[in-house]
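Undergrad: Numbering (my numbering), first residue to last: 325 to 582.
Even for Gly, the Cβ is constructed at its ideal location relative to N, Cα and C.
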Amino acid sequence: MSQPELIKSLQARLKTESHSGKHAQYQILPAGLSQLLGGDAHMPSSRYEEERFAFISKHVKMQDKTLADIGCNMGFFTFSALNSGASHVTCFEGTVTHAKFVKDCATLLKEQDKISVQPRYFTFTDEKLNVDVAVLLNVLHHLGDDYGNSQLNIEQAKKEIITHLNSLHGKCRTLIFQLGFNWRGDRNLSLFENGTKSELIDYIAEHTQHFWDIAHIGIAVLGEDDKITYLPVNEQNIQRSDNMGEFLNRPLFIMHPR
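1. Assign His580 to buried or exposed, taking buried as 16 or more other Cβ atoms, counted over all protein chains shown, within 10 Å of its Cβ.
2. I'd like the span of the beta strand (DSSP E) that includes Gln502, first residue to last.
3. Drop a sphere of 10 angstroms on the beta-carbon of Trp507, count the other beta-carbons inside from all chains shown, and report buried for 16 or more, exposed for fewer.
4. By alpha-carbon positions, which one of Phe379, His422, Ala410, Gly395 ends up nearest to Tyr471?
5. Which whole runs of the beta strand (DSSP E) in the stretch 399-482 are 3 residues long or more, in chain order?
6. Just tell me which of Asp526, Asn490, Asn397, Ser381 has its CA closest to the CA of Thr449.
7. Tell me whether the beta-carbon of Lys452 lies closer than 7 Å to the beta-carbon of His412.
8. Compute the Euclidean distance between the alpha carbons of Thr532 and Arg497, then round it to the nearest angstrom.
9. Roughly how many angstroms separate the alpha carbons of Ser326 and Asn397, rounded to a whole number?
10. State buried or exposed for Val384, treating a residue as buried only when at least 16 other CB atoms are found within 10 Å of its CB.
11. For Asp393, count neighbouring C-beta atoms within 10 Å of its own C-beta (all shown protein chains included) and say buried if the count is 16 or more, exposed if not.
12. Quick one: residues in its chain with C-beta nearer than 7 Å to the C-beta of Phe635, no 5 flanking neighbours on either side, listed in chain order?
13. Could you have a look at Gly547 and say whether DSSP puts it in helix, strand or coil?
14. If you reduce the DSSP assignment to three classes, tell me which class Asp526 lands in.
15. Mind the definition here: the stretch 499-519 touches the stretch 467-482 only if three or more C-beta pairs lie below 8 Å; say whether that holds.
16. Roughly how many angstroms lie between the CA atoms of His347 and Asn462, to the nearest whole one?
17. With respect to the alpha helix (DSSP H) encompassing Ile380, which residues constitute its N-terminal and C-terminal limits?
18. Of the residues Ser514, His493, Gln351, which one's Cα is nearest the Cα of Lys482?
19. Would you decide whether Glu329 is buried or exposed? Buried here means 16 or more other CB atoms lie within 10 Å of its CB.
20. Determine the direct distance from the alpha carbon of Asn567 to that of Gly519, and round the result to whole angstroms.
21. Please confirm whether Gln311 and Gly409 have their CB atoms less than 7 Å apart.
22. Figure out for me which residue from Leu357, Pro354, Lys382, Gly356 has the closest Cα to the Cα of Leu576.
23. Can you tell me whether Ser474 is buried or exposed, with buried defined as 16 or more other CB within 10 angstroms of its CB?
24. I'd like to know whether the C-beta atoms of Leu499 and Ala458 end up nearer to each other than 7 Å.
25. For Glu375, count neighbouring Cβ atoms within 10 angstroms of its own Cβ and tell me buried if that reaches 16, exposed if not.
26. If you count every other CB in all the chains shown that lies within 10 Å of the CB of Pro556, and 16 or more means buried, which is it?
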């Protein structure tokens, strides 16, 4: 397929992206890729990908690193890592249309030798993996829904989330992690009694302490210019901020194996 034909195909798929499933319209595209595909062809609601990646980049150097992007969706963090000098990214994406999109975008950008796309869900405990950096953003609270045992109750799911998180020990040198407050994305199934950042942070710290050191925690902060920035956690920004919504209350962890 020629480059113009590939661009046309990708643009057509973006127009139907809203019908691609539960996680449709979830990620923006990196600026360079967005420009190639027409700029305004894909404009989902922001989940502050650029702001999160800015925080990550301050603490994790991507140059010459190998990555696994677990639940890569439309590939924002994959392509951003490559733009920052990563040598290779292995993508795991259970939505086949998204996996195909990422693979074809890699071809368009002539990065196909640096990206391996696995059109399937990551298996965690059974997975063979050896990378410098694993990216696991907002995946594990979908356990028992998008993937895994659908018969779990919420307490079993919380334990399994920790099992899956700790299963990455020995498979990466840095783990970038984020977890939602609501199991299966259902606000009636809160994983933590009061839905606070401190509850989530304490739970992760307590149940990963034998496997991981938490090096950095980023918290979304609304500045005077009405822009979001992820800043190191402190006594002020750790407080729950209802006006920012559930997504922006999710702490962003950077962890290293013990």
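TA: Inspection of the coordinates gives the following:
1. Indexing the sequence shown from 1 puts residue 580 at position 256. Label assigned to His580: exposed.
2. Here the question's residue 502 lines up with position 178 in the sequence shown. Note, Gln502: beta strand (DSSP E), 496-502.
3. One-based indexing of the sequence shown puts residue 507 at position 183. Burial call: buried.
4. Taking the first residue of the sequence shown as position 1, residue 471 is located at position 147. For the residues Phe379, His422, Ala410, Gly395, the minimum Cα distance to Tyr471 belongs to Gly395.
5. 412-416, 439-442, 455-461
6. As a working mapping, residue 449 is identified with position 125 in the sequence shown. Of all alpha-carbon atoms in Asp526, Asn490, Asn397, Ser381, the one lying nearest the alpha-carbon of Thr449 is that of Asn490.
7. In the sequence shown, the residue the question calls residue 452 occupies position 128. In the sequence shown, the residue the question calls residue 412 occupies position 88. The answer is no: Cβ separation not under 7 Å.
8. Translated into the one-based positions of the sequence shown, residue 532 becomes position 208. Translated into the one-based positions of the sequence shown, residue 497 becomes position 173. Between Thr532 and Arg497, the C-alpha separation is close to 15 Å.
9. To locate residue 326, count along the sequence shown from 1; it is residue 2. To locate residue 397, count along the sequence shown from 1; it is residue 73. Taking C-alpha positions only, Ser326 is separated from Asn397 by approximately 25 Å.
10. Taking the first residue of the sequence shown as 1, we reach residue 384 at position 60. So Val384 ends up on the buried side.
11. Working through the sequence shown from its first residue, we reach residue 393 at position 69. Asp393 comes out buried.
12. Given that the chain is displayed from residue 325 to residue 582, the structure contains no residue 635 and the question cannot be resolved.
13. The residue labelled residue 547 in the question sits at position 223 within the sequence shown. Gly547 falls in the coil class under three-state DSSP.
14. Start at 1 with the first residue of the sequence shown, and residue 526 comes out as number 202. Looking at Asp526 - three-state DSSP - the assignment turns out to be helix.
15. yes
16. As a first step, residue 347 must be located in the sequence shown, where it is residue number 23. As a first step, residue 462 must be located in the sequence shown, where it is residue number 138. The predicted position of His347 is uncertain, since its pLDDT is 44 and thus under 50; a value taken from the coordinates is nonetheless stated next. Between the alpha carbons of His347 and Asn462 lies a gap of roughly 11 Å.
17. As a working mapping, residue 380 is identified with position 56 in the sequence shown. Taken as a continuous stretch (DSSP letters only), the alpha helix (DSSP H) holding Ile380 covers 373-383.
18. For this step, residue 482 is matched to residue 158 along the sequence shown. Of the listed residues, the one whose Cα sits closest to Lys482 is Ser514.
19. Translated into positions along the sequence shown, residue 329 becomes position 5. Under this definition Glu329 is an exposed residue.
20. Here residue 519 corresponds to residue number 195 of the sequence shown, with the count starting at 1. Here residue 567 corresponds to residue number 243 of the sequence shown, with the count starting at 1. Cα to Cα, Gly519 sits roughly 14 Å from Asn567.
21. Coverage of the chain is limited to positions 325 through 582, which leaves residue 311 absent and any answer about it impossible.
22. As a first step, residue 576 must be located in the sequence shown, where it is residue number 252. Answer by Cα proximity: Lys382.
23. Translated into the one-based positions of the sequence shown, residue 474 becomes position 150. Classification for Ser474: exposed.
24. If you number the sequence shown from 1, residue 499 lands on position 175. If you number the sequence shown from 1, residue 458 lands on position 134. Yes. Within cutoff.
25. Mapped onto the sequence shown, residue 375 falls at position 51. So Glu375 counts as buried.
26. In the sequence shown, counting from the first residue as 1, residue 556 sits at position 232. By the 10 Å Cβ count, Pro556 comes out exposed.
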